[in-house]
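Last residue of the sequence shown: 201 (UniProt numbering), numbering continuous.
Working notes, beginning with the structure itself.
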Amino acid sequence: MSVNYDLYETPDLTKSGEEQPLHARVVLKGSYTAEEFVEQVTAFQHMPHAQVVGVIEAISKELRHLLLKGFSVELGDIGYFTLSLNVNKEVTDSKDLRSPSVSLKDINLRINRQFKKDIETELVLQRYHSPFRVKNPLAEEKCLQRLNKFLEKNPCINRQDYALLVGKTKTQALQDINAFIEKGILKKYGAGRSVVYIKVG
1 MSVNYDLYET PDLTKSGEEQ PLHARVVLKG SYTAEEFVEQ VTAFQHMPHA
51 QVVGVIEAIS KELRHLLLKG FSVELGDIGY FTLSLNVNKE VTDSKDLRSP
101 SVSLKDINLR INRQFKKDIE TELVLQRYHS PFRVKNPLAE EKCLQRLNKF
151 LEKNPCINRQ DYALLVGKTK TQALQDINAF IEKGILKKYG AGRSVVYIKV
201 G
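Shown next, in the form of structure tokens:
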């Protein structure tokens, strides 16, 4: 079992125009709901369903109770939970500080070093070209060049293949395709999930 990742272009926040370094990001295979997680623990840790639900509810209640009393709470070998606070930006002098000016900013989880080390030791990474990646989109001219090259070897293209071809999201791909249809470059063929696009002429 491996963790998929893809490489993304780091946004040019300073708008320098220079090529930015790539960064890696996990491509999620899905997510577990609270109930699905309980089912997973029940099945693989051989514990009664009701017991797992009860333990999770008890932990949640006691964690909330202790955080509200101002404690840092260590949860098993996972890590420590603590509260972080936010001060109203208008307050510049501590003498002007009043209780309403301070509020909850976040609930932090500081991962235990050993837990992180265990994950790191067993982690297997695999490169995966995600069709949902968001990067600086190719210019229309370059997209059209890639599309023409693809259609020289293939009779048609669908939205997913086009998205992978030019490195755009499915929504961006559909916008491109609709623009090409309006310009008379492509035409739509089929319906529903079997829709494909062919070159005009």
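Beta carbons are placed, not taken as given, at the ideal position from N, Cα and C, and that holds for glycine.
As the structure is a computational prediction, the values presented were derived from the model and not from experiment.
Sub-8 Å separation of residue i and residue j beta-carbons
i: Asn158; j: Val196; result: yes
i: Leu164; j: Arg146; result: no
i: Leu28; j: Thr10; result: no
i: Leu83; j: Val102; result: no
i: Tyr32; j: Gln40; result: yes
i: Leu67; j: Phe44; result: no
i: Asp6; j: Tyr162; result: no
i: Leu125; j: Val3; result: yes
i: Gly70; j: Phe115; result: no
i: Val38; j: Ile59; result: no
i: Asp176; j: Cys143; result: yes
Minimum C-alpha distance to residue i - residue among the options
i: Lys153; options: Thr121, Lys199, Phe180 and Gln20; result: Lys199
i: Val53; options: Ser194, Glu36 and Ile107; result: Glu36
i: Ala179; options: Gly167, Ala139 and Gly192; result: Ala139
i: Ile111; options: Gln126, Gly76, Ala34 and Lys188; result: Gly76
i: Lys187; options: His46, Asp106 and Cys156; result: Cys156
i: Val26; options: Gln175, Leu123, Lys15 and His46; result: Leu123
i: Ser194; options: Ile181, Gln175 and Gln160; result: Gln160
i: Val87; options: Ala191, Leu104 and Glu18; result: Leu104
i: Gly201; options: Pro48, Gly192 and Ile181; result: Ile181
Beta-bridge pairing of residue i - partner residues as DSSP gives them
i: Asp6; result: Arg25
i: Glu74; result: Tyr80
i: Ser103; result: Asn86
i: Tyr197; result: Ile157 and Lys188
is_contact[residue i, chain D] using C-beta, thresh 8 Å
i: Leu151; result: In summary, chain D is missing from the structure at hand, where a single protein chain is found.
Collapsed DSSP secondary structure at residue i in the structure displayed
i: Lys168; result: coil
i: Ser31; result: coil
i: Gln40; result: helix
i: Gln20; result: coil
Contacts around residue i, its chain only, beta-carbon distance under 6 Å, and the 5 residues preceding and following it disregarded
i: residue 221; result: Because residue 221 is not part of the residues shown, which for the chain are 1 to 201, the question remains open.
i: Ala173; result: Arg159, Tyr162 and Ala163
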